[in-house]
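Numbers given in the working numbering equal positions in the sequence shown, counted from 1, plus 25.
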Amino acid sequence: MNKITQAKQIIEGSTNLVKKIAGKADPSIEEVADDRFAICKQCPYLTIASTCQQCGCYMPSKTRVHSASCPVSKW
Numbered sequence: 026m027n028k029i030t031q032a033k034q035i036i037e038g039s040t041n042l043v044k045k046i047a048g049k050a051d052p053s054i055e056e057v058a059d060d061r062f063a064i065c066k067q068c069p070y071l072t073i074a075s076t077c078q079q080c081g082c083y084m085p086s087k088t089r090v091h092s093a094s095c096p097v098s099k100w
């Protein structure tokens, strides 16, 4: 993934996480994020700080990016 695509995903995920915190989240995004993060919670690569040891991403944000995928193909 190139740096521009990565930056766009970080912005999209962070924006969607802030919307959730503000109570203005898109329900369809939240449904997917909840399903994805439930999988992450079972993964040995998820740290206590909710980052992935494989990609280094903060998963509460990454799970809210439509085009993102799990680095070990779990979602």
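Ideal Cβ placement from N, Cα and C applies to all residues, glycine included.
(Q) When you compare the CB positions of A58 and T88, do they come within less than 8 Å of one another, or not? (A) T88 sits close to A58, with the two beta carbons spaced by under 8 Å.
Original post:
DSSP three-state call for T76: helix, strand or coil?
Top reply: Of the three classes helix, strand and coil, the one that applies to T76 here is strand, per DSSP.
Rounded separation between C77 and M84 - CA only: Computed Cα separation, rounded: 7 Å.
- prompt: So the alpha helix (DSSP H) P52 belongs to, where does it begin and stop?
  reply: Its alpha helix (DSSP H) spans residues 52 to 66.
Mark V90 as exposed unless 16 or more other C-beta atoms lie within 10 angstroms of its C-beta, in which case mark it buried. The residue in question, V90, is buried, as its Cβ has 16 or more Cβ neighbours within 10 Å.
ask   = Which residues in the same chain as A50 place their Cβ atom closer than 6 Å to its Cβ, once the five residues preceding and following it in sequence are excluded?
value = Answer for A50: K44, listed in chain order.
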